[in-house]
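Asker: Chain order of the listed sequences is A and B. What the first sequence shows, in the numbering used here, is residues 43 to 517, in sequence order. What the second sequence shows, in the numbering used here, is residues 6 to 370, in sequence order. Using N, Cα and C, we set each Cβ at its ideal position, and we do this for glycine too. Here the structure is a predicted model, which means the values were calculated and not measured. Take a look at this one; I'll ask things after.
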Amino acid sequence: MIFSSLTFLFAYLPLTLAAYFLTPLRWRNLTLLLVSLFFYGWGEPIYIVIMFLSILIDYTHGLLVEKYRDNDKKARRFVAQSVVFNLLLLGFFKYWDFLADNLFLLTGFSLPASLTLLGVTIPLRNIPLPIGISFFTFQTMSYTIDVYRKDAPVQRNIISFGAFVTMFPQLIAGPIVKYKTVAEDLNHRVHSTENFAVGARRFCVGLAKKVLMANSIGALWDAQLAAQGAGTLTAAGGWMGLLAFGFQIYFDFSGYSDMAIGLGQIFGFRFNENFDHPYLSTSVSEFWRRWHMSLTSWFREYLYIPLGGNRGGTVKALRNILIVWFCTGFWHGASWNFILWGLYFAAWLILEKYVLRNVLEKTPAPLKHLYTLIVVFVGWGIFAMEDLSVCGAYLAACFGGAPLWSALDGYTLRSYAITFVILIVASTTLGVRGWARLPERAQKVLTPVLMALSLLVCTAYLVDGSYNPFLYFRF
Amino acid sequence: MTKAYSRFLTAFFCLFLAGLLVWHVLLPDRAQSETENRTLAQAPEFSCSALVSGSYTEAVEEYFADQFPLRDGWTGLKARMEQLLGKREFNGVYLCGDTLISKVETPAEGMVDKNLGYIDRLAGKTGANVVLGLIPSAAEIWKEKLPAGAGSWDQTALLAQSQVDFRNALAAHADEPIFYRTDHHWTTLGAFYGANALLDSLEKEPLKENNFTPETASDSFNGTLYSQSGIHWLEPDNMEFWVQEEGLTVTSWRTGKEEPASLYDRTYLEKKDKYSSFLGGNQPLCVIKNENVTDGSKLLLVRDSYSDALAPFLAQRFSEVHLLDLRYYRAPVSAYAAENGIGDIAVVYSVQNFISDVNLVLLTQ
Chain A
43 MIFSSLTFLF AYLPLTLAAY FLTPLRWRNL TLLLVSLFFY GWGEPIYIVI MFLSILIDYT
103 HGLLVEKYRD NDKKARRFVA QSVVFNLLLL GFFKYWDFLA DNLFLLTGFS LPASLTLLGV
163 TIPLRNIPLP IGISFFTFQT MSYTIDVYRK DAPVQRNIIS FGAFVTMFPQ LIAGPIVKYK
223 TVAEDLNHRV HSTENFAVGA RRFCVGLAKK VLMANSIGAL WDAQLAAQGA GTLTAAGGWM
283 GLLAFGFQIY FDFSGYSDMA IGLGQIFGFR FNENFDHPYL STSVSEFWRR WHMSLTSWFR
343 EYLYIPLGGN RGGTVKALRN ILIVWFCTGF WHGASWNFIL WGLYFAAWLI LEKYVLRNVL
403 EKTPAPLKHL YTLIVVFVGW GIFAMEDLSV CGAYLAACFG GAPLWSALDG YTLRSYAITF
463 VILIVASTTL GVRGWARLPE RAQKVLTPVL MALSLLVCTA YLVDGSYNPF LYFRF
Chain B
6 MTKAYSRFLT AFFCLFLAGL LVWHVLLPDR AQSETENRTL AQAPEFSCSA LVSGSYTEAV
66 EEYFADQFPL RDGWTGLKAR MEQLLGKREF NGVYLCGDTL ISKVETPAEG MVDKNLGYID
126 RLAGKTGANV VLGLIPSAAE IWKEKLPAGA GSWDQTALLA QSQVDFRNAL AAHADEPIFY
186 RTDHHWTTLG AFYGANALLD SLEKEPLKEN NFTPETASDS FNGTLYSQSG IHWLEPDNME
246 FWVQEEGLTV TSWRTGKEEP ASLYDRTYLE KKDKYSSFLG GNQPLCVIKN ENVTDGSKLL
306 LVRDSYSDAL APFLAQRFSE VHLLDLRYYR APVSAYAAEN GIGDIAVVYS VQNFISDVNL
366 VLLTQ
């Protein structure tokens, strides 16, 4: 189930809220576990099995790590075992096809499409990707590591642990909640009407970002991609398309995060922020400190630093950056363009760190901002186009390999001008700052009005059955 | 945030979500939507196999959306919002002042040539005179009304293949209401000009406008584009009947059996789909006989819905006009023409239907 759907908003959510708050305090984790399993099973009921498997294995491994606390060798073995299990889960469902395809291309050896064991045929190729698998495997991996590192106490209650693994607000599109972030809240959290109200307000903001902003600009990207296929793409159209995709993924993703954080708060959980106005960045490294922060910090804490970080000389630091960004790219999808996208950013980060540092320091801020945006939005091109030959042709058109402008571009620009202005303003801190300067009375009056507007207009867009994609089906 | 204010926001949020849920549950389910002119999804039946395959939950989502309270109000609200944002295209329909014009999408590759080929093969199979008439859509005739730079597939090359010159006949009267403003069909006036173009290519005497006394059948016609776009704030269209029923006998094979029918089914005028009052809308086969034309001339129209407004005019010059719809009539057309002594076959399609139709292959049977 996805948040931006009528069934979620007007059936699942009110019923879930009612069930949760009618449950006595000590049973609320159980309610949360049950409604989350229902949420997860809605799209692919069979995959609830994965949830149970995940809960059982990571729960026992947490206990084992705790049990062998004094025997570091054993404890480490159990951490490794749970990490391997999670990576195998991810590897099988997400990367198997990709690996098999490339193995075939390299060696001509074709893996069987299915396996028959004792009369039962198990498909091995084209298995549908369990929704959100990249998010929840990373979350459960963090658990045993956090317990091992004593960053969080072991969870002895399997219901509470199950609630952490399956928690529906962030289950399918992040933020990636590390166990230690919510360890305390899982056992003792504050349910207050203030938390509820603030969470509901945040949810409405996120919903509007997803349904009104991301969806409304997404169609423009699709049109430009189609124009590329038909050979009518112009340079202006190409850039409008890249802008559109960049805005779409930002408002979609940060909207989902807002909804997740808001829902979490309704239930008394405090999740970390996931986006901090990334398009205001004046360098690529700053961009990555502000974009999908829960993923970058996950990789930093559980991969980059364990690898040695930037200690141990330039060669090792370079190696570590390349490994981390290869993984970051690959995490986004099992396809070469995502790997290329990750390495593209690795290259810019290395350049910034070792070559451009002094140049950038002397560059005026607006120029640095422009440089960052161009790097990031060209990056979106690589991210959005899986077929690298299409991607190459598209980017060539953007950089002068096609006519600059057509009458259709004028029409497109006129149709989307207001939307673009809204999206640009919404990407800055202008709204937040303006809101903070309003007198409290005005805020009090405006809050319910804006919430009502968001709910009403989003409902209108959802009922109309307009364009409403789920962008993270590859994640 | 004070406690009282938090309570207020919480209550407001919950009431909005739960209120619509309760409304949804209490609201009786509708079988179909008049506005959208389609049947609506009903509550799906539960089965374990459907649940496991995922089709059950999918059906629930569809049901929930289709039966949502105030469905038409929400789609209207969305269109208003889009208009505020400066959009000119609404679900494939351009808003051009007080007129809605459907955007013509680029046809699938090879589709047009394939369909043109089928017409040629029909000509080779029958002794009757075969003509092709392609009716340009409003996006062609009213090109200059479209928003500047707006895309729509260029129909000119295809229209050059049409033996009946509907394009010039309509373009000559482009400043008149020849298409509905809220529907994709031509008006009765447009069909009148179209009829003369077709009669001209069949070497028949043209009709005179002053021989008809138009009757306003409806002044509240909201057509398909009204539904498709969600734009509900334009003036409804007028719909006219020009041809009188006297002297004409209409026979319909709506259910496969022969049954008497009429030139206009006025019950449709009380419904949303008013255009279907012409001959009663889509059907496999329909024959109009004119007792005042005694030369025994017979015309077979291979039709889409545009022909329903056209046929009453053609019946003024032929003893019999047969309308055959390839979507529902599955026997060979050439055999039908031979059995019924048809002299002329006119394949008359609107461009939009011709470039997407997959039934024209039946002409080659």
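Can a CB atom of chain B be found closer than 8 Å to the CB of Met301/A?
Answerer: No - not a single Cβ of chain B is within 8 Å of the one on Met301/A.
Asker: Find the residues of chain B that neighbour Asp193/A, judging by a C-beta separation of less than 9 Å, and give them in chain order.
Answerer: Result: empty, since nearest Cβ-Cβ is about 32 Å, beyond 9 Å.
Asker: Taking its Cβ as the centre, do 16 or more other Cβ atoms sit within 10 Å of Gly91/B, making it buried, or is it exposed?
Answerer: Exposed is the call here.
Asker: Is it buried or exposed for Gln249/B, if we count other Cβ within 10 angstroms and need 16 for buried?
Answerer: The residue is exposed, with fewer than 16 neighbouring Cβ atoms inside 10 Å.
Asker: Around the C-beta of Val505/A, are 16 or more other C-beta atoms found within 10 angstroms, so that it is buried, or is it exposed?
Answerer: Its Cβ being crowded by 16 or more others within 10 Å, Val505/A is buried.
Asker: Is the CB-CB distance between Ile218/A and Trp340/A below 8 Å?
Answerer: Against a cut-off of 8 Å, the Cβ pair of Trp340/A and Ile218/A comes out as a contact.
Asker: Do the region 78-88 of chain A and the region 197-216 of chain A touch if we need at least three Cβ pairs shorter than 8 Å?
Answerer: Verdict: yes, contact present.
Asker: Looking at Gly252/B and the ligand SAM, is the gap between the Cβ and the nearest heavy atom below 7 Å?
Answerer: Among the ligands in the structure shown, none appear at all, so the ligand SAM cannot be discussed.
Asker: Tell me the rounded alpha-carbon separation between Arg172/B and Glu263/B.
Answerer: The alpha-carbon atoms of Arg172/B and Glu263/B are separated by roughly 35 Å.
Asker: Which residues in the same chain as Gln212/A place their Cβ atom closer than 6 Å to its Cβ, once the five residues preceding and following it in sequence are excluded?
Answerer: Excluding positions up to five away in sequence, the list reads Val219 and Ala302.
Asker: Checking contacts by CB at 8 Å: is Phe80/A closer than that to chain B?
Answerer: So, not an interface residue.
Asker: Find out if the Cβ-Cβ distance for the pair Leu465/A, Met255/A is shorter than 8 Å.
Answerer: Yes, the Cβ-Cβ distance between Leu465/A and Met255/A is below 8 Å.
Asker: From which residue to which residue does the alpha helix (DSSP H) around Met335/A run?
Answerer: From DSSP, the alpha helix (DSSP H) with Met335/A extends over Met335 to Phe341.
Asker: Could you have a look at Leu139/B and say whether DSSP puts it in helix, strand or coil?
Answerer: If DSSP states are grouped into helix, strand and coil, Leu139/B belongs with the strands.
Asker: Please identify the residue among Asn71/A, Leu267/A and Leu55/A whose C-alpha is closest to the C-alpha of Tyr310/A.
Answerer: For the sequence presented, residue 310/A should be read as Gly rather than Tyr. Among Asn71/A, Leu267/A and Leu55/A, the Cα nearest to that of Gly310/A is on Asn71/A.
Asker: Quick one: measure Cβ to Cβ for Pro152/B and Arg93/B, integer angstroms, because I've assumed they're closer than 8 Å.
Answerer: Yes, Pro152/B and Arg93/B are in contact; Cβ-Cβ is about 4 Å, under 8 Å.
Asker: Note down the Cα distance separating Gly138/B from Tyr453/A, rounded to an integer number of angstroms.
Answerer: Going from the Cα of Gly138/B to the Cα of Tyr453/A covers about 32 Å.
Asker: Buried or exposed, going by whether 16 or more other CB atoms sit within 10 Å of the CB of Ile164/A?
Answerer: Exposed: under 16 other Cβ atoms inside 10 Å.
Asker: Would you please state the rounded distance, in angstroms, between the beta carbons of Val338/B and Ile293/B? I believe it to be under 8 Å.
Answerer: That belief does not hold up - the Cβ atoms of Val338/B and Ile293/B are roughly 18 Å apart, past 8 Å.
Asker: List, in order along the chain, the chain A residues whose C-beta lies closer than 7 Å to that of Pro152/B?
Answerer: By Cβ distance, chain A contributes Tyr453.
Asker: For Ile90/A, which residues of its own chain have a beta-carbon under 8 Å away from its beta-carbon, when the five flanking residues on both sides are left out?
Answerer: Excluding positions up to five away in sequence, the list reads Leu79, Tyr82 and Gly83.
Asker: For Leu141/A versus Ile92/A, is the C-beta distance shorter than 8 Å?
Answerer: Contact: no.
Asker: Lys294/B lies in the beta strand (DSSP E); which residues open and close that run?
Answerer: Residues Leu290 to Asn295.
Asker: His29/B touches chain A at which residues, Cβ-Cβ below 7 Å?
Answerer: Going along chain A in sequence order, the residues near His29/B (Cβ under 7 Å) are Phe52.
Asker: Distance, Cα to Cα, Ser431/A vs Leu31/B?
Answerer: Whole-angstrom Cα-Cα distance: 54 Å.
Asker: With three or more C-beta pairs closer than 8 Å as the rule, is the region 300-318 of chain B touching the region 341-360 of chain B?
Answerer: Touching, per the Cβ criterion.
Asker: So the beta strand (DSSP E) Pro490/A belongs to, where does it begin and stop?
Answerer: Pro490/A -> not in any beta strand (DSSP E); alpha helix (DSSP H) instead, spanning Glu482 to Val505.
Asker: Is any beta-carbon of chain A found at less than 8 Å from that of Arg12/B?
Answerer: So, interface residue.
Asker: Looking at the structure shown, is Leu171/A part of a helix, part of a strand, or coil, going by DSSP?
Answerer: The answer is coil: DSSP assigns Leu171/A none of H, G, I, E or B.
Asker: For the region 414-425 of chain A against the region 43-62 of chain B, do three or more pairs of beta-carbon atoms, one drawn from each stretch, fall closer than 8 Å, so that the two count as touching?
Answerer: Touching, no, given that fewer than three Cβ pairs across the two stretches are closer than 8 Å.
Asker: Kindly indicate the opening and closing residues of the beta strand (DSSP E) around Glu245/B.
Answerer: Element bounds for Glu245/B: Asp242 to Phe246.
Asker: From this set, Asn297/B, Tyr280/B and Gly132/B, which residue's C-alpha is nearest Ala222/B's C-alpha?
Answerer: If we check each option's Cα against that of Ala222/B, Tyr280/B comes out closest.
Asker: Output needed for Glu120/A: all residues of its chain with C-beta closer than 6 Å, excluding positions within five of it in sequence on either side, in chain order.
Answerer: Here residue 120/A turns out to be Phe, not Glu, going by the sequence shown. Taken in chain order, the residues that qualify are His103, Leu106 and Val107.
Asker: Near Arg271/B, which residues of its chain fall below 8 Å by C-beta distance, leaving aside the five closest residues on each side in sequence?
Answerer: Excluding residues within five positions, the ones whose Cβ falls inside 8 Å are Ala222 and Ser282.
Asker: With three or more C-beta pairs closer than 8 Å as the rule, is the region 145-159 of chain B touching the region 167-186 of chain B?
Answerer: Yes, they touch.
Asker: For Ala502/A and Gly174/A, what's the separation of their Cα atoms in angstroms?
Answerer: Their Cα atoms are separated by approximately 27 Å.
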